[in-house]
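Student: For the sequence shown, this note's numbering begins at 412 and goes up steadily by one.
Where a beta carbon is used, it is the ideal one built from N, C-alpha and C, also for glycine.
What you are looking at is a predicted structure, and each value in this text was computed from that prediction instead of being measured.
If you scroll down you'll find the structure; I have some questions about it.
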Amino acid sequence: MTKRTFCEECRDDVEFTVASVPMTGTVKGKEYHYTGTETRCVNCGSLVFVPEISDANLRSLYDVFREENGIVPLDVICSIPEKYDIGKRPLSLLLGWGELTFSRYCDGDIPTRQYSDILRRIYAEPQYYADLLEENKGNLKSLRTYKKTRQAVDSLLSAGIPSDNKIHTVIQYLLNQCEDITPLALQKALYYIQGLYFAFYRTFLFPEDCEAWVHGPVYRDIYFRYRDYRFDPIKKTASFDTSVFTEGEKAICDSVINNICCYSGKVLECFTHKETPWLTARGNLPDSAPSDKIIEKSVIGAYFAAVKSRYHMSNPGDIKNYAEDMFHQL
Ligand SMILES: [Zn+2]
412 MTKRTFCEEC RDDVEFTVAS VPMTGTVKGK EYHYTGTETR CVNCGSLVFV
462 PEISDANLRS LYDVFREENG IVPLDVICSI PEKYDIGKRP LSLLLGWGEL
512 TFSRYCDGDI PTRQYSDILR RIYAEPQYYA DLLEENKGNL KSLRTYKKTR
562 QAVDSLLSAG IPSDNKIHTV IQYLLNQCED ITPLALQKAL YYIQGLYFAF
612 YRTFLFPEDC EAWVHGPVYR DIYFRYRDYR FDPIKKTASF DTSVFTEGEK
662 AICDSVINNI CCYSGKVLEC FTHKETPWLT ARGNLPDSAP SDKIIEKSVI
712 GAYFAAVKSR YHMSNPGDIK NYAEDMFHQL
């Protein structure tokens with residue numbers, strides 16, 4: 412880190428002070444607010460330019476831009492090559508992109524929404540990556556590259572990484588246990604499982620983000636998968652092997668099945684409409700305005716951690732008190 416920098420006023424290399432301050436920047440014609448670092452000359456107090464700090468400020472601005480526009484975070488992008496043991500250029504080719512496109516994203520360029528969604532999914536779902544790899548392996552320049560990354564993804568798949576399609580496993584369990592669950596209620600059940608699991612275990616069960624739609628939190632892919640059922644109950648899953656769950660995972664699912672899924676999707680919609688995560692993500696949007704704003708996991712986590720402590724929950728079944736309270740407030 413630079414210790415001194417040039418001050419235009421003093422016409423000399425000077426030491427400088429640093430302070431965190433609110434800053435405003437413009438990306439693609441829109442203003443964003445973020446916390447940046449300000450550097451000032453210790454002698455005269457004028458603003459001075461420090462390249463590293465200026466870069467860091469730009470990164471903070473872009474982080475806010477990404478967050479507000481649902482663009483995949485930079486650290487997620489950068490960890491993909493390591494996760495799947497593949498170089499940046501081969502990965503870019505594999506995806507059918509320009510050879511340097513992925514490298515540019517790693518350097519901080521903002522991907523389009525479409526590319527962002529692909530990257531987010533690749534990171535979260537080894538199976539999705541494995542499918543892409545098989546489909547596009549002809550794009551790779553060497554067999555060795557293919558073998559290396561195939562091995563990496565295979566070992567992730569066989570290790571049953573917890574993030575790997577956990578949401579689908581949970582859905583199968585819900586469909587097995589619940590009578591008459593509609594797509595609307597299913598979305599709410601997933602949301603409560605995510606929040607409650609965090610409250611008890613301080614980690615999230617699903618990597619997927621949900622969005623603040625008109626009728627409450629929605630996991631987009633799941634919506635499209637079951638939307639044909641609309642207001643009808645989704646077909647029941649005949650059998651389910653619960654040994655795929657840890658004790659904690661099963662306890663949270665069971666509690667939500669017993670204490671949340673007993674309400675209709677419409678009643679649960681009234682619950683989530685009163686809760687901070689959905690309200691915060693919607694901001695000032697009118698009630699009927701469509702939105703794909705992500706409900707940040709951190710907000711969901713903080714909300715349910717607070718609920719757990721407010722209702723003195725000592726085990727997952729205690730969510731009952733919260734649900735009953737919400738119901739009585741309708
Ligand atoms: Zn100065």
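Which of the three DSSP states, helix, strand or coil, is assigned to D591?
Tutor: Of the three classes helix, strand and coil, the one that applies to D591 here is coil, per DSSP.
Student: Please name the residue, chosen from W624, I533, V667, that lies closest to V487 on a Cα-to-Cα basis.
Tutor: Nearest option by C-alpha distance: I533.
Student: When the Cα of F609 is compared with those of A716, K731, I497, I730, which residue comes out closest?
Tutor: Cα-wise, what sits closest to F609 is A716.
Student: In whole angstroms, give me the CA-to-CA distance for S447 and Y640.
Tutor: Per the sequence shown, residue 447 should be read as Gly rather than Ser. Taking the straight line joining both Cα atoms gives about 48 Å.
Student: Assuming H444 is part of the beta strand (DSSP E), what are its boundary residues?
Tutor: Residues 441-452.
Student: Just how far apart, CA to CA, sit I572 and S654?
Tutor: For I572, the predicted structure reports a pLDDT of 43, less than 50, and the residue's modelled location is therefore unreliable. A value from the coordinates is still provided. Straight-line Cα distance between these residues: approximately 15 Å.
Student: Rounded to the nearest angstrom, what separates C621 and L485 at their Cα positions?
Tutor: Distance between the alpha carbons of C621 and L485: 19 Å.
Student: Can you tell which of K552, G676, I529, L554 has its C-alpha closest to the C-alpha of D542?
Tutor: Comparing Cα-Cα distances from D542 to each of K552, G676, I529, L554, the minimum goes to I529.
Student: For D502, which residues of its own chain have a beta-carbon under 8 Å away from its beta-carbon, when the five flanking residues on both sides are left out?
Tutor: Sequence check: residue 502 is Leu here, not Asp. Excluding positions up to five away in sequence, the list reads I491, P492, Y495, F513.
Student: Quick one: Cα of I464 to Cα of K439, how far?
Tutor: Using only the alpha carbons, I get a separation of about 22 Å.
Student: Could you check whether G519 and N550 sit closer than 8 Å to each other, using their CB atoms as the reference points?
Tutor: In this structure, G519 does not lie closer than 8 Å to N550 by Cβ.
Student: So which of R636, K599, F615, S666 has the shortest CA-CA distance to W624?
Tutor: Taking only the C-alpha atoms, the option nearest W624 is K599.
Student: Hey, quick one: how far does the beta strand (DSSP E) through E758 stretch, first residue to last?
Tutor: With the chain running from 412 to 741 in the structure shown, residue 758 is simply not present.
Student: Compute the Euclidean distance between the alpha carbons of F476 and L469, then round it to the nearest angstrom.
Tutor: Going by the C-alpha atoms only, they are around 10 Å apart.
Student: Which residues end up in the neighbourhood of ligand 1 when you take C-beta atoms closer than 6 Å to any of its heavy atoms?
Tutor: Listed by chain position, these are C418, E420, C421, V425, C452, N454, C455, S457.
Student: Identify, in the order they occur along the chain, each residue of the same chain with its Cβ nearer than 8 Å to the Cβ of V459, setting aside the five sequence neighbours on each side.
Tutor: Around V459: T416, F417, C418, E419, V425, F427, T450, R451, C452.
Student: Measure how close the beta-carbons of I633 and I582 come, nearest whole angstrom, since I'm counting them as under 8 Å.
Tutor: Yes, they are in contact, since the Cβ atoms of I633 and I582 sit about 7 Å apart, within 8 Å.
Student: With a 10 Å radius around its C-beta and 16 neighbouring C-beta atoms as the bar for buried, classify G456 as buried or exposed.
Tutor: Per the 10 Å Cβ criterion, exposed.
Student: Going by beta carbon distance, what residues of the same chain come within less than 6 Å of K414, once the five residues before and after it are set aside?
Tutor: Result list for K414: empty, nothing under 6 Å.
Student: For T691, report the span of its alpha helix (DSSP H) as first-last.
Tutor: Counting along the chain, the alpha helix (DSSP H) containing T691 begins and ends at 687-693.
Student: Just curious, the alpha helix (DSSP H) that F476 is in, first and last residue?
Tutor: 462-480 is the extent of the alpha helix (DSSP H) around F476.
Student: According to DSSP, simplified to helix, strand and coil, what is E420?
Tutor: DSSP places E420 in coil when its eight states are reduced to three.
Student: Just tell me which of L597, L741, P618 has its CA closest to the CA of F635.
Tutor: Comparing Cα-Cα distances from F635 to each of L597, L741, P618, the minimum goes to L597.
Student: Go through its chain and collect everything with a Cβ distance to S574's Cβ below 7 Å, but skip five positions before and after it.
Tutor: Unreliable positioning characterises S574 in this predicted model, as indicated by a pLDDT of 44, which lies under 50. A coordinate reading is not provided.
Student: Cβ atoms of I671 and Y612: under 8 Å apart, would you say?
Tutor: No, Cβ-Cβ distance for Y612 and I671 is not below 8 Å.
Student: Grouping DSSP H, G and I as helix and E and B as strand, with all else coil, what is R641?
Tutor: DSSP places R641 in coil when its eight states are reduced to three.
Student: By DSSP, does F427 sit in helix, in strand, or in coil?
Tutor: Correct three-state label for F427: strand.
Student: For H626 and P433, I'd like the C-alpha separation in whole angstroms.
Tutor: Cα to Cα, the separation comes out at about 34 Å.
Student: Contact check, N587 vs F651 under 8 Å by CB: the rounded distance?
Tutor: With a Cβ gap of about 4 Å, N587 and F651 count as contacting.
Student: Can you name the residues that DSSP bridges to P628?
Tutor: Its beta-bridge partners are A623.
Student: By a C-beta neighbour count over all protein chains shown, 10 Å radius and 16 as the cutoff for buried, is S431 buried or exposed?
Tutor: Counting Cβ neighbours within 10 Å, S431 comes out exposed, since fewer than 16 surround it.
Student: Put G659 into one of helix, strand or coil per three-state DSSP.
Tutor: Looking at G659 - three-state DSSP - the assignment turns out to be helix.
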